[in-house]
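*Asks:*
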Amino acid sequence: MSTTTAPDGPLLLTQKRIWIIFSALIAGMLLSSLDQTIVSTAMPTIVGQLGGVEHQVWITTAYLLATTIVMPIYGKFGDILGRRNLFLFAIALFTVASIACAFATDFWAFVIFRAIQGLGGGGLMILSQAIIADIVPANERGKYMGPLGGIFGLSAIAGPLLGGYFVDHLTWNWAFYINIPVGIAAFAIAWFTLRLPSKKATKRIDIAGVVLLSLATTCLIFFTDFGGDAAEGWTSPLTWTFGAGLVIAVVAFVLVERRAEDPIIPLELFRNRTFVTSTGIGLTLGLGMFAALAFMPTFLQMASGTSAAVSGLLLVPMIVGLMGTSIYSGIAISRSGRYRKYPIIGVSVTLATLLWMSTLTASTPIWIICTMLFFFGAGLGLIMQVIVLVVQNSVAPTMVGVATSTNNYFREVGASLGVAVFGAIFTSRLSERLNGTFSAFGASPEAAGQATSTLDPAALNALPDQVRNAVVSDYAESLAPVFLYLVPFLVIALVLALLLREIPLSATSGMVARGEAIGGEEAVRLERERLAGVAASRTTAPHGPDVPDAPAPLTDPAGAPHRSDP
């Protein structure tokens, strides 16, 4: 892919150019967030038709595992090579994997294709956040949380509705067909509007660190997955093989990073108190948040007896809550420059809501479930974007990408652990109860096992009333207690939020601080001079090439101001 560095000097970050670049980021985020929300309501049907109900946790785990592995890679490579080409690659990979998912006919093949989607989705998430830090100062970045929150909210509302419509009226495959035109459009928008400088690596790339970090992450997820699996369990030799692999990979990774010329995750980050506290909040929040979100649509469809389309509508209150508090906190932080109180309030609200959600039963009124989801979303909206802003503001401009990706990496590790451990608890309890239910109604052990593995909403509705009511109770009694198990992790997140320090927000964007761009009033002035020079050259030399005047070079890019918190 071609480089996009302008030949006539540093990039001029005028407000117009910032919004043009921002449009490309919105397109990429729309692609990623729309896919995840569509799949959430289609998942019960997908696993039922592909014969993997007892293994459905792997669909979410595979995506999160792949996303988690590549986050530090995208973050670091973006810092040293530039972010444009990586962003285009992530869009292309995500779109191609969506096509493969749409045509999958085997459960485990589908899981593999979802993992490949995660390899692209991780890049879209990290690079979008890092590019915003590159072009917008921290003290103004909150204003841009609103549009991003709006896009996430739009896709989070449209996704479940589309997913439910596809399941009810077409096929689940359409949940992935739709990514094809969206992906092509996102790629085209990014190709023509994402104008950022490309770079060349000046230090040896930390390949050993990449490999060891990937191995450690994989061993961690497999250790928790097999440990929580009824067939293996925590006493299984296979489970502890992955546990031993995790310890070995982590120790080797730390030793390698201490000696690497340019480490994939610089260990000096962990001497930064603000970074460590914020990352700890992300880790514990990921444990509780994603475990709750991953299985709520299943609860709504199966335990509450709603269709896929209706379960999508029932998620709207959560998105309204998330959008409202995300937009509000972003604007408020930009005006006041203060952020510490928002994670404290957000974690408190989320914690209280999880306690409330642990009381869910099959007979809980729908309006109460919607109220729970509203407060759950409102709590998350006060935390997620704010934590990323805090991390980016606490490090040097040259480390924005790696700090952003490392923070997100630990949040995704928490998410993967939460989904794996608590998903395994849920599916283990569910399979045991369903087998007992079908056996009690006269099914043989083999028939009960087959009915359990292929159960989806359509099959549930076809059962006799007495059997259907028993199955609905099985889902409610299997899932509701899981919310209570998540509470201790949110308590830890609250303690960390109380310990979070507040430091002044930087007034300089990352690219300006690194000497790669000019911003503010100076950028506006130079843009006017550039346009005037182009117009003059066309008048005086109509047959020659346009050669605009080059802006004066930056005299001290290394000394540009930034906030640090050692």
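Just so we're aligned: the sequence shown equals residues 160 to 725 in the numbering used here. Quick reminder that beta carbons are idealized off the backbone N, C-alpha and C, glycines included.
So, for LYS175: in the same chain, excluding its five sequence neighbours on each side, which residues have a beta-carbon less than 7 Å away from its beta-carbon?
*Replies:* Closer than 7 Å at the Cβ level, and outside the excluded window around LYS175, lies no residue.
*Asks:* According to DSSP, is ASP365 part of a helix, a strand, or is it coil?
*Replies:* Coil.
*Asks:* Let me know if GLU661 comes out buried or exposed under the rule of 16 or more other beta-carbons within 10 Å of its beta-carbon.
*Replies:* Under this definition GLU661 is an exposed residue.
*Asks:* CA-CA distance, ILE177 and ALA297?
*Replies:* Looking at the two C-alpha atoms, the distance is approximately 14 Å.
*Asks:* Going by other Cβ atoms of all chains shown within 10 Å of its Cβ, with 16 needed for buried, is ASP803 buried or exposed?
*Replies:* Outside the displayed span of the chain (160 to 725) sits residue 803, for which this structure offers no information.
*Asks:* From VAL413 to LEU426, what distance separates their C-alpha atoms?
*Replies:* The straight-line gap from Cα to Cα measures roughly 8 Å.
*Asks:* If you follow the alpha helix (DSSP H) that ILE478 is part of, which residue opens it and which one closes it?
*Replies:* Residues 475-495.
*Asks:* Taking the Cβ atom as the reference point for each residue, do THR443 and ALA652 lie within a distance shorter than 8 Å?
*Replies:* Closer than 8 Å, so yes.
*Asks:* Which value, in whole angstroms, describes the spacing of the CA atoms of VAL479 and ILE407?
*Replies:* C-alpha separation (whole angstroms): 44 Å.
*Asks:* Do the stretch 550-568 and the stretch 279-293 meet, that is, are 3 or more Cβ pairs less than 8 Å apart?
*Replies:* The stretch 550-568 vs the stretch 279-293: in contact.
*Asks:* Less than 6 Å between C-beta atoms, sequence neighbours within five positions excluded: which residues of the same chain meet that for ILE228?
*Replies:* Once the five neighbours on either side are set aside, the close Cβ partners of ILE228 are SER373, THR376.
*Asks:* Which whole-angstrom value describes the C-beta separation of GLY445 and GLY281, a residue pair presumed to lie in contact below a C-beta threshold of 8 Å?
*Replies:* That pair is no contact at about 14 Å.
*Asks:* Determine the extent of the alpha helix (DSSP H) in which LEU286 is found, giving its start and end residues.
*Replies:* First-last of the alpha helix (DSSP H) with LEU286: 266-294.
*Asks:* Starting from ASP421, trace the alpha helix (DSSP H) both ways and give me its first and last residue.
*Replies:* Segment: none, ASP421 is in no alpha helix (DSSP H) and carries neither H nor E.
*Asks:* Between LEU513 and ALA555, how many whole angstroms is the CB-CB distance? I'm expecting something under 8 Å.
*Replies:* LEU513 to ALA555, Cβ: 36 Å. No contact.
*Asks:* Would the beta-carbon of LEU209 fall within 8 Å of that of PHE269?
*Replies:* Yes. Within cutoff.
*Asks:* What span of residues does the alpha helix (DSSP H) with LEU657 cover, start to end?
*Replies:* 624-658 is the extent of the alpha helix (DSSP H) around LEU657.
*Asks:* Going along the chain, which unbroken runs of the alpha helix (DSSP H) with 4 or more residues stay wholly within the stretch 514-546?
*Replies:* Counting only runs of 4 or more, we get 525-540.
*Asks:* GLY441 CB to nearest chain D CB: under 8 Å?
*Replies:* Protein chain content of the structure displayed is limited to a single chain, and chain D is not contained in it.
*Asks:* Run through DSSP, which three-state label would SER553 get?
*Replies:* In the structure shown, SER553 sits in coil (DSSP, three-state: anything other than H, G, I, E or B).
*Asks:* Measure the C-alpha to C-alpha separation of ILE258 and ALA334 and round it to an integer number of angstroms.
*Replies:* Rounded to whole angstroms, ILE258 to ALA334 spans 10 Å at the Cα level.
*Asks:* Whole angstroms are fine: how far does the CA of GLY237 sit from the CA of SER637?
*Replies:* About 43 Å.
*Asks:* Measure the alpha-carbon distance for LEU353 versus GLY318 and round it to whole angstroms.
*Replies:* If you take the alpha carbons of LEU353 and GLY318, they lie about 26 Å apart.
*Asks:* Between which two residues does the alpha helix (DSSP H) containing PHE346 stretch?
*Replies:* That run of the alpha helix (DSSP H) goes 338-352.
*Asks:* In or out: ARG300 buried (at least 16 other Cβ within 10 Å) or exposed?
*Replies:* Buried, since its Cβ has 16 or more Cβ neighbours within 10 Å.
*Asks:* Give the secondary structure of ASN332 by DSSP, where H, G and I count as helix, E and B as strand, and everything else as coil.
*Replies:* Three-state DSSP puts ASN332 in coil, outside helix and strand.
*Asks:* Indicate whether the contact test is met: 3 or more Cβ pairs, each with one atom in the stretch 523-535 and one in the stretch 244-263, closer than 8 Å.
*Replies:* No contact exists between the stretch 523-535 and the stretch 244-263.
*Asks:* Using 8 Å as the threshold, is the C-beta distance between VAL506 and ALA537 below it?
*Replies:* Against a cut-off of 8 Å, the Cβ pair of ALA537 and VAL506 comes out as no contact.
*Asks:* Mapping the DSSP letters down to three states, classify ILE662 as helix, strand or coil.
*Replies:* If DSSP states are grouped into helix, strand and coil, ILE662 belongs with coil.
*Asks:* Can you tell which of THR596, TRP267, ILE310, ILE423 has its C-alpha closest to the C-alpha of ILE239?
*Replies:* Of THR596, TRP267, ILE310, ILE423, the residue nearest in Cα terms is ILE423.
*Asks:* Helix, strand or coil for THR586? Go by DSSP, reduced to three states.
*Replies:* Three-state result, THR586: helix.
*Asks:* Taking all protein chains shown into account, do 16 or more other C-beta atoms lie within 10 angstroms of the C-beta of LYS235, making it buried, or fewer, making it exposed?
*Replies:* Buried.
*Asks:* Taking the CB atoms as reference points, tell me whether ILE294 and ILE197 lie closer together than 8 Å.
*Replies:* The answer is no: Cβ separation not under 8 Å.
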